[in-house]
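Following my numbering, the numbering of the sequence shown begins with 25 at its first residue and continues without gaps. No residue lacks a Cβ here, since even glycine has one placed at the ideal position from N, Cα and C. What you are looking at is a predicted structure, and each value in this text was computed from that prediction instead of being measured.
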Amino acid sequence: MKFSGDLFTYDDKNRLTAFETGPIQSGKTVVFIGGLGDGFNAVPYLDRLVDMLASNDWSLIQVQLSSSFNGYGTTDLQTDSEELDRLVNHLKEERNKSQIVFLGHSTGSQDCYWHNKYGKTNQNVAGYILQAPVSDREHFEKTESNFHHYLDLASQLRNEGKGDSLLPRDAFWAPISADRFFSLCAKGGDDDVFSTDLTDQEITKLYENVNRPICWVYSDQDEFYASEQDKVEVMNRFKSICPAIKVAANVPFGDHCIDRQDAQEHFCKVVEDFLKNHLN
25 MKFSGDLFTY
35 DDKNRLTAFE
45 TGPIQSGKTV
55 VFIGGLGDGF
65 NAVPYLDRLV
75 DMLASNDWSL
85 IQVQLSSSFN
95 GYGTTDLQTD
105 SEELDRLVNH
115 LKEERNKSQI
125 VFLGHSTGSQ
135 DCYWHNKYGK
145 TNQNVAGYIL
155 QAPVSDREHF
165 EKTESNFHHY
175 LDLASQLRNE
185 GKGDSLLPRD
195 AFWAPISADR
205 FFSLCAKGGD
215 DDVFSTDLTD
225 QEITKLYENV
235 NRPICWVYSD
245 QDEFYASEQD
255 KVEVMNRFKS
265 ICPAIKVAAN
275 VPFGDHCIDR
285 QDAQEHFCKV
295 VEDFLKNHLN
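Here you go:
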C-alpha cells in the first residue's frame, strides 16, 4: 500500500504528524484514527477508501497520536481527544478544511465516541464513523488467560494512587499502565462503551450528550467480536437509545480489518452514503 500526498506537523510541541492524500486542496476530509498498535497504513481498505473519497472530492488524513503504535498503554482517551482537537484546529486554520469527518478503526472508535462527547472541537466534526467498534473488555476477558489477575492488580494500584505505574511485562503485548489496563478491561472503564452486556440504562448514560452524527459499522466475520449476541440486534439496540447513530451497517464477509475486496467495496458504499446523506 503506497500513497503520495502531504506529511505535515499539527502539534509542534509534541512532534505529532498527519498525512493527507487524495484531493488535498479540497475543503472536505476524512480523518482515519487507528486502533491499538496502529500507525500509518494500518488497514488494507485504505486504498479503496481513498479512491472512493477522491471521486467525491474528499481527501483522507491519517493521524499520528501519542497513543499510536505501542504508545496506547501509557496514555488515555482524553489525551487522544485533546490531540484531535489540535488537529481539527490545524485543519481549519492552516489547511482550509471546512468539513471534517472522523473514521475510527477498532479502538479508534472509542476515540470517536470520546471526542463526540467531550471534544472541544466536536462541533467542527460533521460526523463520526465507527468501523469495528467491538468491546475490548469482552474480547480480552475471553482471550487473555491472566485477565482477572491483572485487572485485580490494576484496581489495587489505582486504589493506592499508583494508576500510572506499569503492570508486569507479561500483562499485555505492549507496556501498559494500571490506568489504561483498567480503562480497557474493567466494566465501566473509560473504554468500555461498546460492550454488548451493557444495560439500556448504562447505554443511555454513556451516550448522553453524544449528539454528532454516527455511522456504526460491524463486520460480519469480525474475529475480535467476542459476544454471543447478534450484531444487528446489538447495533439496533444502541441506535434505538442514541439518536445520533444515523446508520448501522454490517459488512458481509468482512473481518476486523476488512481484508476481502468485496467487503471493502461494501464498506466504502456505506461510508459514501453517510457522507452524502447524514452529516450535520
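Report task. Tell me, to the nearest whole angstrom, how far the beta carbon of residue 83 is from that of residue 48; I am working on the premise that it is less than 8 Å. Result -> Residue 83 sits at position 59 when you count from the first residue of the sequence shown. Residue 48 sits at position 24 when you count from the first residue of the sequence shown. 5 Å between Cβ atoms; contact.
Query raised in the report: Below 8 Å between beta carbons: does that hold for residue 201 and residue 187?
Result: Within the sequence shown, the letter at position 177 stands for residue 201. Within the sequence shown, the letter at position 163 stands for residue 187. Yes, they are a contact pair.
Query raised in the report: Quick one: Cα of residue 126 to Cα of residue 138, how far?
Result: As a first step, residue 126 is located in the sequence shown; it is residue number 102 there, counting from the start. As a first step, residue 138 is located in the sequence shown; it is residue number 114 there, counting from the start. If you take the alpha carbons of residue 126 and residue 138, they lie about 12 Å apart.
Query raised in the report: Would you say residue 51 and residue 148 are within 8 Å of each other, going by their C-beta atoms?
Result: On the sequence shown, position 27 is the one that residue 51 refers to. On the sequence shown, position 124 is the one that residue 148 refers to. No. Outside cutoff.
Report task. Quickly, what does DSSP pair residue 274 with across the bridge? List them, please. Result -> On the sequence shown, position 250 is the one that residue 274 refers to. Paired residue(s): 242.
Query raised in the report: Just curious, the beta strand (DSSP E) that residue 228 is in, first and last residue?
Result: The residue you call residue 228 lines up with position 204 of the sequence shown. It is not in any beta strand (DSSP E) - residue 228 instead sits in the alpha helix (DSSP H) that spans 224-230.
**Report entry** Whole-number beta carbon distance between residue 231 and residue 259, since they are thought to touch under 8 Å
**Finding:** Here residue 259 refers to the residue found at position 235 when the sequence shown is read from its first residue. Here residue 231 refers to the residue found at position 207 when the sequence shown is read from its first residue. The Cβ separation is near 13 Å, so there is no contact.
Report task. Give the C-beta separation of residue 227 and residue 128 to the nearest angstrom, bearing in mind that I take them to be a contact with Cβ-Cβ under 8 Å. Result -> As a first step, residue 227 must be located in the sequence shown, where it is residue number 203. As a first step, residue 128 must be located in the sequence shown, where it is residue number 104. Cβ-Cβ separation between residue 227 and residue 128: approximately 18 Å, too far for a contact (criterion under 8 Å).
Query raised in the report: Given residue 141, which residues of its chain have a CB within under 6 Å of its CB, disregarding the five upstream and five downstream residues?
Result: Your numbering for residue 141 matches position 117 in the sequence shown. Within the same chain, residue 141 has close Cβ partners 233, 234.
Query raised in the report: Residues in its own chain within less than 6 Å of residue 209 by CB, not counting five upstream and five downstream?
Result: Start at 1 with the first residue of the sequence shown, and residue 209 comes out as number 185. Result list for residue 209: 161, 164, 175, in chain order.
Report task. Please name the residue in 66, 211, 45 whose C-alpha comes closest to that of residue 221. Result -> Position 197 of the sequence shown, counted from the first residue, corresponds to residue 221. Across the set 66, 211, 45, the C-alpha of 211 shows the shortest separation from the C-alpha of residue 221.
Requested in this report: State the start and end residues of the unbroken alpha helix (DSSP H) segment that holds residue 178.
Outcome: Sequence index remark: in the sequence shown, residue 178 carries index 154 (1-based). Element bounds for residue 178: 171-183.
Query - Length at least 3, wholly inside the stretch 62-120: the beta strand (DSSP E) runs in chain order - result: 83-87
Query raised in the report: Three-state secondary structure (DSSP) at residue 262?
Result: One-based indexing of the sequence shown puts residue 262 at position 238. Here residue 262 sits in helix by DSSP.
Query raised in the report: Going by DSSP, which residues form a beta bridge with residue 52?
Result: By 1-based counting over the sequence shown, the position of residue 52 is 28. Paired residues: 123.
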